[in-house]
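In order, the protein sequence lines correspond to chains A and B.
Here the first sequence is numbered in the numbering used here, starting from 1129 and rising by one per residue.
Here the second sequence is numbered in the numbering used here, starting from 145 and rising by one per residue.
Notes for the one structure printed next.
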Amino acid sequence: MSDPIQTHDLTGIRCPLPIVKLNQIIAAAALGEELLVAADDPAFAPDVRAWCRRTGHELIELDQQDGVTSVRLRRSA
Amino acid sequence: MTQSLKSPDLLQTLADRVDELEKRLAGTPSSDRLCLMVYSGELDRLMAAFTMATGAAASGMSVSMFFTFWGTPALKSPALKSSGGSATKKPFMDRLMGLMLPGGFDNRKLSKLDFLGFGRRMMQHRMKRMGIASLSELVTLAGQLGVQLTVCEMSMSLMGISQDDLLEYPHLTIAGAATFVDDASRAATTLFI
């Protein structure tokens, strides 16, 4: 079994801060590493999709529940 | 073709053509570059500009912002407040311009619903409550993300702003129209705010 992945909390902040923070988090991750992030910014779901398209990181899973968007992604660039 | 392959000049011809193509490519606008012309000085317009700039920089783009006319006084050091000038003695008109065009970020007027500052304070209260970054926080982030600020020299002179009056920012240069044109020609996207 692999180690459980820590979830990075990006709640309580609004555009563009979740993307700015996500950029810092991914920069600190290793190539191929999987990350979990959670944000409550309503713009985060479309924004994280666009951000992954632009930056080339892989969006593995996106889930929305009770106003929170949870994303699993992989550093691919 | 067989004839030209035997030519001793072939390598040189190819090298010349590669050089030519590389030169042409270097002048092609890049979708990885964003260029903003910041003409306005109101809080809302500057927030839109810095939100896009930091968002783009955090998406791996290289961002340049050119400040001209009413955008220029915003880049005066917040430490100057509305005193109108630096320690060095300035001509009267320069000091007058300084008083009329205060610097700093978070106390700027809104372009709409300002209501003599009441709307501004209400907006800032809502921003804080919602976790929206203040303008000064966005500018600090822009600095950390490597967003390049260029200040229009002509606007600075016109508005009595000296180099010493400008805020401390890690990537700031003073230049003119040709610098903006060069930045804009290399960016696939240029916005006027």
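Glycine included, C-beta positions come from ideal geometry on N, C-alpha and C.
- DSSP places residue 277 of chain B outside any beta strand (DSSP E), giving it a letter other than H or E.
- Under the 8 Å Cβ criterion, the region 277-297 of chain B does not count as touching the region 1191-1201 of chain A, having fewer than three qualifying pairs.
- The closest CA to that of residue 1185 of chain A, considering only A:1170, A:1141, A:1150, A:1195, is found on A:1150.
- Listed as beta-bridge partners of residue 334 of chain B by DSSP are B:179.
- Nearest neighbour of residue 178 of chain B by Cα position, chosen from B:202, B:320, B:241, turns out to be B:202.
- Check the Cα spacing between residue 222 of chain B and each of B:278, B:318, B:310, B:185: the tightest is with B:310.
- Close partners of residue 1140 of chain A in chain B (Cβ separation under 8 Å): 275.
- Checking the DSSP bridge columns, you'll see residue 1137 of chain A partnered with A:1166.
- Check the Cα spacing between residue 1146 of chain A and each of A:1194, A:1181, A:1174: the tightest is with A:1174.
- At least one CB atom of chain B sits nearer than 9 Å to the CB of residue 1183 of chain A.
- Counting every other CB atom within 10 Å of its CB across the protein chains shown gives residue 217 of chain B a total of 16 or more, marking it as buried.
- Contact of residue 1187 of chain A with chain B is not assigned, every C-beta pair being separated by 9 Å or more.
- Restricting attention to beta strand (DSSP E) runs no shorter than 3 residues, the region 276-333 of chain B encloses them at 292-296, 316-319, ordered along the chain.
- Contact annotation: in the region 189-210 of chain B, residues whose CB is within less than 7 Å of a CB in chain A are 195, 198, 199, 202, 203, 204.
- Here the alpha carbons of residue 284 of chain B and residue 1169 of chain A stand approximately 21 Å from one another.
- Neighbours of residue 293 of chain B in chain A, taken as residues at a C-beta separation under 8 Å, are lacking, since the least C-beta distance is about 17 Å.
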